[in-house]
Amino acid sequence: MPSGLIQPPTLLPTSISASSSKIHRHKYSLRALFRSISFLALVAGYCLYAHYSSDDGAQTTDFHRRLEDDGCDGVVKASSTLHLVLLIAGVLYLFLALAVVCDEFFVPSLEEMSSPRHLN
C-alpha cells in the first residue's frame, strides 16, 4: 500500500458485532413493547373512567359541565367558525415557518455532511 493513502479503520469481528447487534435489537424491542403496553393500559384506564363516570341517568354528577347551563346572561359567546379559521391559518403559518427553517438550515447542513462522504 502506498504511504500517501490513509488506511481505513479495522472493523470488529463479525461474531462480536453480530451478537452486540442482537442484544441491541432485543433491548430496544423490549422497550418498544413496554411503551406500547403502557400506552394501551393508559387508554384502557381512560376509557374505563369515562364509561363509569358518565351520566347514565341513575346518578347525577354536576362536576362535569359546570358552565354548560346559561348562568352568565351578559356573556357573548364567540363564533366557533372564527376560531376554526384562525386555527387553520395558524397551523398553515407554522408549517410555512417550519419549511423555511428546514430549507435554510437543515438541508444545507445535510448537504455539507454528505458531500465529503459521497452520499449524494
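Note that the sequence shown covers residues 566 to 685 in the working numbering. Cβ atoms here follow ideal geometry from the backbone N, Cα and C, with glycine treated the same way. Predicted model only: the values in this text are computed from it and were never measured.
Within the model, the alpha-carbon separation for Glu676 versus Tyr658 is close to 26 Å. According to the DSSP assignment, Val641 belongs to no alpha helix (DSSP H), since it is labelled neither H nor E. Here His648 carries a helix assignment [DSSP, helix/strand/coil]. Under the three-state reduction of DSSP output, Arg600 falls in the helix class. The DSSP-derived three-state label of Pro673 is helix.
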